[in-house]
Every structure is written in C-alpha cells, then in structure tokens.
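Using our numbering, read the sequence shown as starting at 106 and increasing by one per residue.
Notes follow once the structure below has been shown.
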Amino acid sequence: MIDLSRLQSTSTVEDEWAYPLADANRSGLLQVDHDPDHRLYWEEYGDPAGEPVMFLHGGPGGACAPAMARFFDPTRYRIILFDQRGCGKSEPTVATDGPDIALTRNTTDDLVDDIRKLRHALGITGKMHVFGGSWGSTLALIYAIRHPDDVATLILRGIFLGEREDLLYMYQGNAATYAAQPFALTEPGSYVTYPDEWKAFVETIAEPDRADMMAAYKAIFDMVPQNDADRARQLKAALAWSVWEGTISNMIPKESDPGKFGEANFALCFAQIEAHFFANELFVAPRYIVDNVGRIANIPTHIVHGRFDQVCPLTQASRLIDAMAANGATPESFVITNAGHSAMEAQTVLALTAIMDGLPPID
C-alpha cells in the first residue's frame, strides 16, 4: 500500500531521504555499438538479488548520479543506473570527443535498444520496474510500448511528451519579440515565471535569429570551431542552454549556484544532445506515445508531477492520463506535488519513495 501522508511535510529535501547515499556494488562499461564504439557506463546499487529497477535519467544527456539510487529501499531493490549515449561516464561523450562522433548513432531507437542490451548483459531475464523522469519518462514509455513484457511497473516523474508545443513553451516563448517588448506576454512560456533567467538565455542569441531559438542554438553547436573564439562561443551557448533548464527546474531557483548545469563538460553534453534530439523531433513520430499508449494498458503505472513544473508543465501529464484512460490504462496513482520539475525537491522525493516502498512485489 502506498502511504502518501507525509506529503504534508514542509521540511527540506535533506530531511526527507529515507535511504542513505551509498557506494555502488559494482560498475562497468558495456559496449553496445560500433562505429563509433558506444560504451555505456553503468552502476548497480542495493540487493544484487533484489527486484530490478532500471533508472532512466533525463535530458536527453543529463547523466546519472549516486543520489538517484536513494529513492529505493536497498534491502529490496537491485537498482541499475546508467549514462545514456554521449554523456556522463559513457564513451564517447560530446564534450570530450565532439558531436560528430558522440551524436552518431545516437537516437531514441538506439537508446531503447541499449536498455535491452544492458538488461541482458546484467542477467535480468524477467520483468523489471522502469523508473524515469522528464526525458526519462519519455524513454520509459517508449520502451514499455515496444517491450511491454519486460516491464512490471512504470514509475514516471515530470512527464515529457516532447511534442513541438512542449518545446516551444520552454525554449521559444516571447523570444521573437523580446528586443522590443522584453516583458510582454506575447506567447505562453516558462519565461513568464523566470524573466531574469530568460534574459540570459535569449540574449545569447543575436536578435535576427530569435524567431527560432532552438535552431539558432543548434547552428552554434553545429559550427566547426576554427579558433578559440569559436570554441568560447559554443561553450557560452551550451552553458546558457544548460543553466536555463537547470535553474527553472526548481520551483525556487538556487541563487547563483547552477550546480552541474554550470559545469563546462556537463553543459556541452547536455545542451548539444538535447538540441540534437529536439531538432529531430526526438526521432519518433508525432504523438507516438499518446497514439500507442494502449500497449501499456496492462502495466501498472504511477505518475508524479510537480504542480509548478515549468520545464514540463503539468498539462503534459494531463494529456498522457487522458490518452491512457481512453485506452483502459488509468494510472494506479497520480500524485501532484507542491514542487517544480526537479526530482530532488522535498515533496517529489517523498512521493517517489512512498510509491517505491508501496509497490507489490514482482510476481
């Protein structure tokens, strides 16, 4: 039984973790492709004989961190974290090896296949829990649609459907008219709540190019640097993209501390992988998830979404749930937290942990 009574708590996230930060039991690099030789970095936590949980990080390009294993009871679960292609400790990475190499054979189909390869390499032969947030929720849903027999339960946070309107809300907003009317509410968007942070994101792009912000950023990322000035321009753009998302992920932004989003290597991977996927419509057909959600009708699904999420607004969860209901796949639970997008805000930590603690065992 899932106990959500502690969601009334007003304490900080550090007070809410039920399980301690721990070292991985083991880790490794799994070769999943050739030309280029993509190798996934993975870590395993918890009980090696426990119920397997496949953790899918956000972004795409966000990478994993040990704290992500703290949602799960280590005496019950076998927790698998891994860095998707091109980022984190996987090889090659965009930051180290460049986009021409690290973004080759880096599509949604490739990432879905990688999950299967990793599960087989780690000897997971039965069903597993699949846990994903933001882009991780997208990938989890696509994986479950294509491989429903592998999935015991879906646990999804910060639903991201990845449609064009979802991307425009976050990255386009009023950018086209910003120079003349920086505070005008000409279009819907995240900028409404974060005007100072939006200024830094918009002004990285020259005024004539602001009619399509994602294309303008991608043009900078696609440029072949000829000198230090070109490389500095690319890094500045990557940091602007990364810090914009990292800052607005929290309902209350962390003043002057963007964390990993402000680190050069992380930003170069994160921004360029996201721009690559977004320019290609996530490498899936429009409405792919909502049109195929009937395939997961028999998979128990739990959804947690922050009411104040400005990276993936709550309407995305509403659209998914409507599509699920129309296909006989009503979620087992749907929790709206008083939080933003980040998985690390207190109420979201409480909700996700409570769901994992209350899941029935895998048969």
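Here a beta-carbon is modelled for each residue, glycine too, at the ideal position from N, C-alpha and C.
Quantities reported herein were computed from a predicted structural model and do not represent experimental measurements.
How big is the Cα-Cα spacing for residue 146 and residue 158?
16 Å
For residue 394 versus residue 246, is the C-beta spacing smaller than 7 Å?
yes
Does DSSP classify residue 282 as helix, strand or coil?
helix
Once the 5 residues before and after residue 462 are set aside, which same chain residues still bring their CB inside 8 Å of it?
107, 108, 123, 178
How would you write the range of the alpha helix (DSSP H) that residue 420 sits in, first residue to last?
420-431
Residue burial classification, residue 262 (beta-carbon count within 10 angstroms, cutoff 16):
buried
Is the CB-CB distance between residue 211 and residue 181 below 7 Å?
no
DSSP on residue 136, reduced to helix/strand/coil?
strand
Taking only three categories from DSSP, how would you classify residue 124?
coil
Secondary structure at residue 148, three-state DSSP: helix, strand or coil?
strand
Using 10 angstroms around the beta-carbon of residue 115, count the other beta-carbons present and answer buried if the total reaches 16, otherwise exposed.
Annotation note: pLDDT 49 at residue 115 (below 50); position unreliable, coordinate value reported separately. Exposed, because fewer than 16 other Cβ atoms sit within 10 Å of the Cβ of residue 115.
Taking 8 Å as the threshold, find out whether the segment 268-276 comes into contact with the segment 238-245 through three or more Cβ pairs.
no
Within 8 Å, do at least three Cβ pairs link the segment 348-360 to the segment 389-406?
no
Extract the residue ranges of the alpha helix (DSSP H) inside the segment 307-348, only unbroken runs of 4 or more that lie entirely within it.
318-327
Own chain residues within Cβ distance below 6 Å of residue 134, not counting five before or after
144, 146
Nearest-angstrom Cα distance between residue 187 and residue 128?
14 Å
With a threshold of 6 Å on Cβ separation, who are the neighbours of residue 381 within its own chain once the five nearest residues in sequence on each side are excluded?
208
C-alpha distance - residue 341 paired with residue 232, whole-angstrom precision
43 Å
Quick one: complete alpha helix (DSSP H) runs, 4+ long, within the segment 169-204?
199-202
Do residue 314 and residue 305 have their C-beta atoms closer together than 7 Å?
no
Verify whether the separation of the beta carbon atoms of residue 414 and residue 445 is less than 7 Å.
yes
Spatial neighbours of residue 293 within its chain, please: CB distance less than 8 Å, with the 5 preceding and 5 following residues excluded, ordered by chain position.
274, 278
Whole angstroms are fine: how far does the CA of residue 351 sit from the CA of residue 372?
10 Å
Can you tell me whether DSSP reads residue 406 as helix, strand or coil?
strand
Relative to the C-alpha of residue 264, which candidate in 452, 441, 332 has its C-alpha closest?
441
Taking the continuous beta strand (DSSP E) assigned at residue 208, which residues delimit it?
First-last for residue 208: undefined, no H or E at that position.
Report yes if the CB atom of residue 311 is closer than 7 Å to the CB atom of residue 343, and no otherwise.
no
Tell me which same chain residues have a C-beta within less than 8 Å of the C-beta of residue 347, skipping the five on either side of it?
363, 366, 367, 371, 372, 375, 376
Let's test the definition: count the other Cβ atoms within 10 Å of the Cβ of residue 291 and tell me whether it reaches 16, buried, or not, exposed.
exposed
Residue(s) in a DSSP beta bridge with residue 442
411
Give the straight-line distance between the Cα atoms of residue 250 and residue 333, rounded to the nearest whole angstrom.
45 Å
How far does the alpha helix (DSSP H) with residue 249 in it reach, from first residue to last?
240-251
Closer than 6 Å by C-beta to residue 166: which residues in its own chain qualify, once you throw out the five before and the five after it? Chain order, please.
192, 374, 375, 378, 379
Once the 5 residues before and after residue 138 are set aside, which same chain residues still bring their CB inside 6 Å of it?
210
Rounded to whole angstroms, what is the Cα-Cα separation between residue 435 and residue 318?
36 Å
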